[in-house]
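Structure first, commentary second.
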Amino acid sequence: MSQSERTTREEDENAAEERYRAVVIFRNDDPEPGHRDELRRAVSELFIEHEIPITDAVIPTQDGESIEETEFCRELRQRRNEHPELVEYALHGYRHEPRASGFGRGGQTTEFAGLPYDEQRVRIAEGTRILAESLESAPRTFVPPYATYDETTVRALSDSGIDVISGSDWFTRGYFGETGVFETDGVLHVPTTHGFVRDWETIEFHDERDLRARFDDSYGSGGLYVQLLHYWTFNTKERFEQLRSFLEYIIGHDDLLYATVGEFSTLYRSGRLERVADGWLYRPSDETDPSSITSEGRRGESKKNGNKN
Ligand SMILES: [Zn+2]
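Okay, so the sequence shown: first residue is 4 according to my numbering, each after it adds one.
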């Protein structure tokens, strides 16, 4: 099989398929105005410095008020204008407050799951409007607070024109019986597969060796590695350096395709990014491809594309 693909590559260098060992996505939850702003900027800078794309899941309200017209939004716009290939802003719920009754028999923490359809639609619509106006582009990815949602959320998103949801695989395993990428009601689910925090009571991190071993497992099996982080947890020098060191560890691996959640979804849905037996097959778009948002998010490509600015 790989022989014939190599032949294809020789036939047309420009439209050649590329092979990647694994796909890596980072999702940073909870950016909001006035909460550890310096740390938020430092974490953002770290990803930009290493040219790693990231999806920031932004909370659209604070104490029930829209975040529009804040210095925070101006900063976020500026960052994306400067590094459009490295930044996606996703919608992170609406209030990001747990409902008193919780969700399901276990009373899981949730904002969305269990709410009536109309109420979910309203929250999604209002959150979308706020981010679209304040960040000058409508979010295409929804990140449910506490990783919990239900089939009604998926329908409400689908009817709202949002076609990607990113929770966490511990939730999708229990609720949908799925862990990888899957689709329901026209919405692609791209759950996180790994996190930094081992204990949310104490915000204790996983051991660095464990994090690396888990990444290596995913790399070895040609997987989709979706790392969740919360910028505000890197609140000591030691923790911040652990993030830096982990990013540098990942970068040390060859043949990785980096993407935001939204970009991954576009490539995956179009069939241009496909999981194969030993990794991923990527078909770069050519200039005639109108759907191309393409490979700009990939590390190393951004420099080549830099002269278009
Ligand atoms: Zn959150």
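We put the CB at the ideal spot given by N, CA and C, even for glycine.
- Query: Helix, strand or coil for Ala116 per DSSP?
  - Reply: Your numbering for residue 116 matches position 113 in the sequence shown. Coil, per DSSP.
- Item | First and last residue of the uninterrupted alpha helix (DSSP H) at Glu48 | Here residue 48 corresponds to residue number 45 of the sequence shown, with the count starting at 1. Boundaries of the alpha helix (DSSP H) harbouring Glu48: 40 to 52, taken from the DSSP string.
- Item | Residues bridged to Ile253 (per DSSP) | Position 250 of the sequence shown, counted from the start, is the residue given in the question as residue 253. Paired residues: none, contrary to the question.
- Task: State the DSSP-derived secondary structure class of Asn31, mapped to helix, strand or coil.
- Result: The residue labelled residue 31 in the question sits at position 28 within the sequence shown. The three-state secondary structure of Asn31, taken from DSSP, is strand.
- Query: Can you round the beta-carbon distance between Thr269 and Glu91 to whole angstroms, since I take them to be within the 8 Å contact cut?
  - Reply: Here residue 269 refers to the residue found at position 266 when the sequence shown is read from its first residue. Here residue 91 refers to the residue found at position 88 when the sequence shown is read from its first residue. About 11 Å separates the CB atoms of Thr269 and Glu91; that is not less than 8 Å, and the two are not in contact.
- Beta-carbon proximity check, Gly130 vs Phe115, cutoff 8 Å: Within the sequence shown, the letter at position 127 stands for residue 130. Within the sequence shown, the letter at position 112 stands for residue 115. Not a contact, by the Cβ cut-off of 8 Å.
- Assess, as a yes-or-no matter, whether the region 161 to 174 is touched by the region 189 to 203 under the definition of 3 or more beta carbon pairs within less than 8 Å. yes
- Message: Give the list of continuous alpha helix (DSSP H) stretches no shorter than 4 residues that lie fully inside the region 190 to 262.
- Response: 211 to 223, 240 to 254
- Item | In DSSP terms, what Phe145 is bridged to | Here residue 145 refers to the residue found at position 142 of the sequence shown. Its beta-bridge partners are Leu94, Ile168.
- Query: Contact between the region 32 to 41 and the region 57 to 68: three or more CB pairs below 8 Å?
  - Reply: yes
- Query: Would Pro119 be called buried (16 or more neighbouring beta carbons within 10 Å of its own) or exposed?
  - Reply: In the sequence shown, residue 119 corresponds to position 116, counting from 1. Pro119 comes out exposed.
- Message: Going by DSSP, what residue range makes up the beta strand (DSSP E) through Leu89?
- Response: The residue given as residue 89 occupies position 86 in the sequence shown. No beta strand (DSSP E) holds Leu89; DSSP gives it neither H nor E.
- Cβ of Asp202 versus every heavy atom of ligand 1: is any distance shorter than 7 Å? Taking the first residue of the sequence shown as position 1, residue 202 is located at position 199. No, ligand 1 has no heavy atom inside 7 Å of this Cβ.
- Query: Going by DSSP, what residues sit across from Ala19 in a beta bridge?
  - Reply: Here residue 19 refers to the residue found at position 16 of the sequence shown. Paired residue(s): none; Ala19 is not in a bridge.
- Sort Phe243, Arg126, His53 by Cα distance to Ser69 and report the nearest one. By one-based count along the sequence shown, residue 69 stands at place 66. When only C-alpha atoms are compared, the closest one is Arg126.
- Pair within 8 Å by beta-carbon distance, Gly282 and Tyr23: In the sequence shown, counting from the first residue as 1, residue 282 sits at position 279. In the sequence shown, counting from the first residue as 1, residue 23 sits at position 20. Yes, the Cβ-Cβ distance between Gly282 and Tyr23 is below 8 Å.
- Shell residues, 6 Å Cβ cut-off relative to heavy atoms of ligand 1: Asp32, Asp33, His95, His99, Pro148
- Item | Cβ-based neighbour list, Thr291, same chain, cut-off 6 Å, excluding 5 preceding and 5 following | Position 288 of the sequence shown, counted from the start, is the residue given in the question as residue 291. The pLDDT assigned to Thr291 is 48, lower than 50, so where the model puts this residue is not dependable; a value taken from the coordinates is nonetheless given after this. No residues qualify anywhere along the chain.
- Message: Using only CA atoms, which one of Pro194, Tyr178, Ala93, Pro147 lies nearest to Ser137?
- Response: Position 134 of the sequence shown holds residue 137. Taking only the C-alpha atoms, the option nearest Ser137 is Ala93.
- Cβ pair His53, Ile254 closer than 8 Å: Here residue 53 refers to the residue found at position 50 of the sequence shown. Here residue 254 refers to the residue found at position 251 of the sequence shown. Pairing His53 with Ile254 gives a Cβ-Cβ distance under 8 Å.
- Cutoff 8 Å; reference Glu207; Cβ partners in own chain excluding five residues on either side: Position 204 of the sequence shown, counted from the start, is the residue given in the question as residue 207. Taken in chain order, the residues that qualify are Val200, Arg201.
- Task: Kindly indicate the opening and closing residues of the alpha helix (DSSP H) around Val157.
- Result: Here residue 157 corresponds to residue number 154 of the sequence shown, with the count starting at 1. Looking at the DSSP string, the run of the alpha helix (DSSP H) that includes Val157 is 154 to 162.
- Taking three-plus beta-carbon pairs below 8 Å as touching, is the region 40 to 59 in contact with the region 217 to 236? As far as the Cβ criterion goes, the region 40 to 59 touches the region 217 to 236, which means the pair count is three or higher.
- Query: Should His256 go down as buried or exposed, given a rule of 16 or more other Cβ atoms within 10 Å for buried?
  - Reply: Position 253 of the sequence shown holds residue 256. His256 comes out exposed.
- Item | Environment of Glu266 [buried if 16+ CB atoms lie within 10 Å] | Here residue 266 refers to the residue found at position 263 when the sequence shown is read from its first residue. Glu266 is buried by the Cβ-count criterion.
- Query: Any idea what DSSP makes of Ile55, helix, strand or coil?
  - Reply: Counting from 1 along the sequence shown, the entry for residue 55 is found at position 52. The answer is coil: DSSP assigns Ile55 none of H, G, I, E or B.
- Message: Checking the sheet assignment: what are the DSSP bridge partners for Arg278?
- Response: On the sequence shown, position 275 is the one that residue 278 refers to. Paired residues: Trp283.
- Thr187, enclosing beta strand (DSSP E) - first and last residue: Position 184 of the sequence shown, counting from 1, holds the residue named residue 187. Here the beta strand (DSSP E) through Thr187 covers 185 to 187.
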